[in-house]
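According to numbering that gives the first Met the number 0, the sequence shown is numbered sequentially starting from 0.
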Amino acid sequence: MRQKLVAGNWKMNGSRASIKALLDGIKQGIATVESAEVAVCPPYVYLADVEAQLQGTPVVWGAQNLSTEASGAFTGEIASSMLQDFHCKYVIVGHSERRSLYGEDDAMVASKFAVARAAGLKPILCVGESLDEREGGVTEAVVARQLDAVIALEGVAALADGVIAYEPVWAIGTGKTASPEQAQEVHQFIRQRIAEQDAAVAEKVQILYGGSMNAANAAELLTQADIDGGLIGGASLKSEDFLTICRAAG
Ligand code: PGA
Numbered sequence: 000m001r002q003k004l005v006a007g008n009w010k011m012n013g014s015r016a017s018i019k020a021l022l023d024g025i026k027q028g029i030a031t032v033e034s035a036e037v038a039v040c041p042p043y044v045y046l047a048d049v050e051a052q053l054q055g056t057p058v059v060w061g062a063q064n065l066s067t068e069a070s071g072a073f074t075g076e077i078a079s080s081m082l083q084d085f086h087c088k089y090v091i092v093g094h095s096e097r098r099s100l101y102g103e104d105d106a107m108v109a110s111k112f113a114v115a116r117a118a119g120l121k122p123i124l125c126v127g128e129s130l131d132e133r134e135g136g137v138t139e140a141v142v143a144r145q146l147d148a149v150i151a152l153e154g155v156a157a158l159a160d161g162v163i164a165y166e167p168v169w170a171i172g173t174g175k176t177a178s179p180e181q182a183q184e185v186h187q188f189i190r191q192r193i194a195e196q197d198a199a200v201a202e203k204v205q206i207l208y209g210g211s212m213n214a215a216n217a218a219e220l221l222t223q224a225d226i227d228g229g230l231i232g233g234a235s236l237k238s239e240d241f242l243t244i245c246r247a248a249g
């Protein structure tokens, strides 16, 4: 049985005060979450606050991005060793906003996956198609290409050291969730594609769904056979909504 994981992607939201209130709310309710692992991914500058507030709780934390470089003259970048310094467990790589707004291509995302893994961080690899791609019938081809870039660089076994998040771009922040059947279909495709190369890795790897998952629709998504949790944007900014999703995960 794969453990479920619910990770909050706070994106570029919050302040020291709002994050304290959000974490207080999550900490108060975390005992009502039975078996799912709960993670939050704040903006970098709040990692120290988050670490201080979550230490000794079951909630873990991660970052939203990292540099492919180890250190040096890379103004504005954050290295994997810095994330280790703040005891991050996870780091999101290849989020569609990074891909579309900051020009991260499959090769760069694969190298971020590799750098995170080498540092002992668990990369959450985001994949997913745009609306045009879905309507053009190339969803599987796009997701396969994004996945294969990591497999080509790191080998299929490396996927077991991370987490995959299927996030259809048309569902992110739009309120348009993929139906449980649409999501399950792609999750199953991803698992099958991995299984063709390594059945044990396919069985082990957690595949999260992301894209307008909320307190109302989480349960039906999270009960699909190949959906092992959620990567939650908007709904992770309200502790009650986030906890409802976490409880729905088990
Ligand atoms: P959303 O974002 O839940 O606000 O759609 C999900 C994500 O981008 O990870």
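Every residue gets a Cβ at the ideal spot worked out from N, C-alpha and C, and that includes glycine. In this text the structure is predicted, and so the values were computed from the model without any measurement.
When DSSP assignments are scanned along the segment 135 to 223, the uninterrupted stretches of alpha helix (DSSP H) that are 4 or more residues long and fall wholly within it turn out to be 138 to 153, 179 to 194, 198 to 203 and 217 to 221. Residue 85 and residue 22 do not touch by the CB rule: their CB atoms are close to 15 angstroms apart, not below 8 angstroms. Residue 134 has its alpha-carbon roughly 32 angstroms from the corresponding atom of residue 62.
Taken from the Cβ of residue 173, at least one heavy atom of the ligand PGA lies inside 8 angstroms. Taking each of 94, 235 and 77 in turn and checking the Cα distance to residue 217, the smallest one comes out for 235.
In its chain, beyond the 5 residues on either side, 21, 41, 42, 45 and 236 have a beta carbon closer than 8 angstroms to the beta carbon of residue 13. Taking 9 angstroms as the cut-off, the beta carbon of residue 183 is found no closer than this to the beta carbon of residue 3. Shown here for residue 169: same chain residues with a beta carbon closer than 7 angstroms to its own, the five before and five after excluded, namely 129, 130, 133 and 175 in chain order. Ranking 226, 104, 72 and 155 by CA distance to the CA of residue 210 puts 226 first. Per DSSP, the continuous alpha helix (DSSP H) segment holding residue 113 begins and ends at 105 to 117.
Nearest Cα to residue 33 within the set 215, 57, 240 and 107: 57.
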